[in-house]
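Structure record follows, encoded as structure tokens.
Number of protein chains: 2
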Amino acid sequence: MNIREVARLAKVSTATVSRTINGSDKVTRETKERVQRAIEELGFYPNTWARALGSGRSSLYGLIISDITNPFFPELVKSFEDIAVQNGQEVLVANTNYDAARMEVCVTRMLQRKVDGVAIMTSEMDGRLITEFQNRDIPLVFLDTGTAQKLTSNIVVDYAAGVDAAVEHIVGLGHTEIAFIAGPAMLRSARVRKEAFRGCLERHGIGTGWMEEGNHQVDGGHEAMARLLGRRTRPTAVLASNDMTAIGALGAIHERGLRVPEDISVVGFDDIQISAFTQPALTTVRLSRDEIARVAFRALYGARQEGGKGTEYAVPTSLVLRRSTGRAPGTRAKTGGLEAVAI
Amino acid sequence: MNIREVARLAKVSTATVSRTINGSDKVTRETKERVQRAIEELGFYPNTWARALGSGRSSLYGLIISDITNPFFPELVKSFEDIAVQNGQEVLVANTNYDAARMEVCVTRMLQRKVDGVAIMTSEMDGRLITEFQNRDIPLVFLDTGTAQKLTSNIVVDYAAGVDAAVEHIVGLGHTEIAFIAGPAMLRSARVRKEAFRGCLERHGIGTGWMEEGNHQVDGGHEAMARLLGRRTRPTAVLASNDMTAIGALGAIHERGLRVPEDISVVGFDDIQISAFTQPALTTVRLSRDEIARVAFRALYGARQEGGKGTEYAVPTSLVLRRSTGRAPGTRAKTGGLEAVAI
DNA sequence: AGTTTTGACGTAAACGCTTACCGCGAATGC
DNA sequence: GCATTCGCGGTAAGCGTTTACGTCAAAACT
């Protein structure tokens with residue numbers, strides 16, 4: 000079953016069949032319809048590989064992430080894939096496992112499969128590998144790393160707004176002893192969150208002595224929180240650099256026999272699915288993976304048009320109020336004061 | 000950069016280059032080395048599509064799952080992908096979203112991309128679609144649905160062993176009022192677990208009146224548990240058809256002001272990552288996704304050899320003891336009695 | 001020594017599509 | 001009425017491999 004049989008049945012040339020399939024405007028409506036009918040009658044669909052070989056376009060996009068096992072990514076992958084499929088493209092997903100060496104493997108895979116573009120949603124990417132893509136005119140889009148240039152775009156997440164909202168919320172609840180559990184310092188996004196936190200607190204005239212570093216995993220959050228609780232005095236509120244960290248913190252707090260939010264309020268970041276189901280449900284800053292996926296795809300899909308000059312895209316964040324935040328111990332709700340409300 | 004340039008540099012024909020690349024034994028060692036050197040010198044790697052077109056093999060496997068957002072799947076996907084890449088294959092992942100209509104889309108995608116085999120790790124699959132693959136001699140492997148036949152294998156999970164172990168454990172802790180929150184009845188795997196539970200309880204001479212149905216999601220588990228707690232008397236232990244359900248149950252129990260495991264013991268099923276970090280950490284039955292992935296890949300990879308007659312593969316389950324199970328309220332530990340121990 | 005077999009390699013025809021180029025009849029311009 | 005343009009569609013040359021078949025020298029036979 001191939002394009003020739005269709006051509007024969009529709010009594011046209013293979014070129015016309017091809018043109019019909021590709022929506023060329025050089026075919027009259029009647030001819031188009033005749034071809035369509037032939038295609039349906041035969042149940043024909045084109046061979047993707049032959050297509051790719053002939054046209055030089057694979058209709059394949061690469062999606063490089065750190066680790067599909069990290070709850071941040073599955074939604075991203077799913078959204079990206081959905082959009083891609085809707086546009087007749089496929090997606091090759093590759094995990095770097097947070098490892099620069101594995102990143103190299105990922106890049107090779109992408110190159111070998113001749114992807115039409117790559118969304119790089121992780122930070123283990125060195126310059127040499129980027130040029131590999133650029134030399135081949137492959138559009139790229141980064142999540143919050145790298146800069147826009149020829150054919151490569153960048154998505155910048157407005158972390159600061161989210162952190163601000165979270166701090167406002169916490170401060171509004173009367174907290175003044177506010178801790179932050181940062182992510183690994185080597186991650187740009189983690190550093191940005193931390194600095195946003197520090198800046199925001201200073202604007203409120205609150206000290207920033209409560210600071211620990213986690214690893215963006217549950218265990219790191221757990222340990223960091225344990226260290227925080229091991230100090231002579233303890234904070235009444237904790238912001239975490241991501242939800243996994245916050246979940247770890249929750250565990251450490253419970254183990255210490257303390258209650259959330261009565262003794263300590265906790266705020267996460269990302270709004271991963273499970274955060275709605277922790278005990279108590281986690282107040283967190285939402286970073287919409289759906290939005291990221293949508294923007295990333297558009298960046299790649301449109302890259303060759305628009306002169307191919309990369310763009311900066313902005314993605315917002317927003318506070319999601321659930322049950323893990325409450326008034327600071329020993330304070331009274333002012334009239335009109337903010338209260339955590341489940342959504 | 001193509002095979003012809005390599006051929007020219009190595010002073011051989013393109014056929015010889017191709018044979019070298021594909022590890023044919025019809026090339027002398029010296030020639031092979033010469034070609035290898037040329038390949039490296041030019042930094043050549045073959046065009047995958049041309050290869051696919053020429054050989055009819057795409058070195059692509061399909062992996063159909065329900066929903067990457069369901070924590071059961073990411074590990075499975077990752078393992079499968081790892082193994083595939085190690086063997087020079089790529090993986091196309093597709094989500095059915097538990098929807099038979101979307102399954103059709105998935106199948107079409109696989110067909111269009113001419114995958115060399117498909118691992119179908121979900122149950123929304125009707126016979127018609129299966130024949131689509133079989134007509135094209137595409138090897139298939141199912142997870143616990145379907146039967147082994149020409150080119151199609153089946154992985155059967157030993158759910159019963161896991162349920163048995165869980166029940167033994169719970170009974171050993173003195174529980175007699177044991178509830179089960181089942182999965183959706185339309186899922187074979189859910190039915191099997193339920194029946195295993197019922198049978199096991201009967202063997203112990205314990206009634207099976209405590210039975211509710213969830214949906215394998217957190218909310219379903221929550222609601223089912225709430226129903227259980229709304230009865231006149233309540234169970235002292237609950238097994239859930241999967242971990243998500245168990246996590247929902249945990250939430251409902253806490254909301255009711257009860258403690259786990261002091262008032263109620265909870266056991267999950269699957270051992271998804273987050274289960275180690277719930278409050279308290281969940282005792283559960285582990286179903287190794289790594290093992291499933293390994294077996295699935297082997298089934299596909301080896302399918303064309305071995306006469307192509309499908310095989311049944313067995314995958315075991317095992318109990319993981321954590322903190323969510325304890326002695327039944329009002330009972331004393333017997334000497335040598337089982338206690339939940341964290342791992 | 002002459003014949004057959006074998007092994008290593010080359011030749012060239014697929015594989016199924018895309019697309020540059022060309023031809024041709026009809027519409028348009030003068 | 002003739003030349004020009006234009007729109008539609010056909011012809012055929014790729015795209016980069018794989019592989020059936022052919023060739024040819026050397027090895028293994030009579």
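As you go down the protein sequences, you meet chains A and B in turn.
Residue 243 in numbering that gives the first Met the number 0 sits at position 244 of the first sequence, with consecutive numbering throughout.
Residue 60 in numbering that gives the first Met the number 0 sits at position 61 of the second sequence, with consecutive numbering throughout.
C-beta atoms are modelled at their ideal positions from N, C-alpha and C, and glycine is treated no differently.
Remember, predicted model here, so these are calculated numbers, not experimental data.
*Sequence ranges, alpha helix (DSSP H) only - wholly within the segment 34 to 114 of chain B, length at least 4*: 47 to 54, 72 to 85 and 99 to 111
*DSSP three-state assignment for GLU338(A), whether helix, strand or coil*: Reliability fails at GLU338(A), whose pLDDT of 47 lies under 50, so the model's placement of it is uncertain and the value that follows must be treated cautiously. GLU338(A) falls in the coil class under three-state DSSP.
*For HIS203(A) and SER323(B), the rounded distance between their alpha carbons*: 42 Å
*Which residues in the same chain have their Cβ closer than 6 Å to the Cβ of VAL140(B), if we skip the five residues on either side of it in sequence?*
ALA118, SER152, ALA295, ALA298 and LEU299
*Can you tell me where the beta strand (DSSP E) with ALA313(B) in it begins and where it stops?*
311 to 314
*Have a look at PHE43(B), LEU142(B), ARG231(B) and ASP269(B) and flag the residue whose alpha-carbon is nearest the alpha-carbon of ALA9(B).*
PHE43(B)
*Rounded C-alpha distance that separates PRO183(B) from VAL217(B)*: 13 Å
*Cα-Cα, which of GLU4(A), VAL11(A), THR330(A) and ARG3(A) is closest to GLY171(A)?*
THR330(A)
_Which same chain residues end up closer than 6 Å to ASP269(B) when comparing Cβ atoms and leaving out the 5 residues on each side of it in sequence?_
PHE71, ASN241, ASP242 and LEU286
*Separation of LEU186(B) from SER122(B), as counted between CA atoms*: 7 Å
*According to DSSP, is ASP269(B) helix, strand or coil?*
strand
*For the beta strand (DSSP E) that VAL155(B) lies in, which residues bound it at each end?*
151 to 156
*Given a threshold of 16 other Cβ atoms within 10 Å of its Cβ, counted over all protein chains shown, does PRO416(B) qualify as buried or as exposed?*
Absent from the model: residue 416(B). The displayed extent of chain B is 0 to 342, so no value can be given.
*Do MET102(A) and LEU41(A) have their C-beta atoms within less than 8 Å of each other?*
no
_Partner residues on chain B for THR13(A), Cβ-Cβ distance less than 9 Å_ = What THR13(A) touches in chain B: nothing, since even the nearest Cβ is about 16 Å away.
_Per DSSP, the bridge partner or partners of ARG211(A)_ = Note on identity: in this sequence residue 211(A) is Glu, with Arg being the wrong assignment. DSSP lists ILE180(A) as partners of GLU211(A).
*Who are the Cβ neighbours of TRP209(A) in its own chain at under 7 Å, not counting the five residues just before and after it?*
GLU176, ILE177, ALA178, PHE179, LEU227 and PRO234
_Per-residue contacts from HIS253(B) into chain A (C-beta, under 7 Å)_ = GLN278
*Indicate whether at least one CB of chain A lies closer than 8 Å to the CB of GLU32(B).*
no
*Could you confirm whether any beta carbon from chain B is found closer than 8 Å to the beta carbon of PRO73(A)?*
yes
*Distance, Cα to Cα, PHE276(A) vs SER65(B)?*
21 Å
*With a floor of 3 residues, list each beta strand (DSSP E) that falls wholly inside the segment 216 to 262 of chain B, ordered by position along the chain.*
236 to 239
*Taking 8 Å as the CB-CB cut-off, is ILE2(A) touching chain B?*
no
*Can you grab the Cα-Cα spacing for the pair GLU89(B) / VAL84(A), in whole Å?*
17 Å
*TYR312(B) versus ALA49(B): straight-line alpha-carbon distance, rounded*: 35 Å
*Name, in chain order, the residues that DSSP records as bridge partners for ALA6(A).*
The partner list for ALA6(A) (beta bridge, DSSP) is empty, contrary to what the question assumes.
_6 Å Cβ shell around LYS31(B) - same chain, five flanking residues per side excluded_ = THR19
*Does the beta carbon of THR47(B) sit closer than 8 Å to a beta carbon anywhere in chain A?*
yes
*ARG326(A) versus GLU131(A), GLY213(A) and GLU167(A), residue with shortest Cα-Cα distance*: GLU167(A)
*DSSP state of PHE146(A), grouped into three classes?*
Here residue 146(A) turns out to be Thr, not Phe, going by the sequence shown. The answer is coil: DSSP assigns THR146(A) none of H, G, I, E or B.
*asked:* Let me see if you follow: with CB-CB separation under 8 Å, is ALA295(B) close to chain A or not?
replied: no
_C-alpha distance - LEU200(A) paired with VAL76(B), whole-angstrom precision_ = 42 Å
*Does any residue of chain B bring its CB to less than 8 Å from the CB of GLN111(A)?*
yes
*Roughly how many angstroms separate the alpha carbons of GLY126(B) and TYR97(A), rounded to a whole number?*
41 Å
_So for ILE20(B), helix, strand or coil by DSSP?_
helix
*Check the Cβ of GLY250(B) against every Cβ in chain A and list those closer than 7 Å, keeping chain order.*
PHE276 and GLN278
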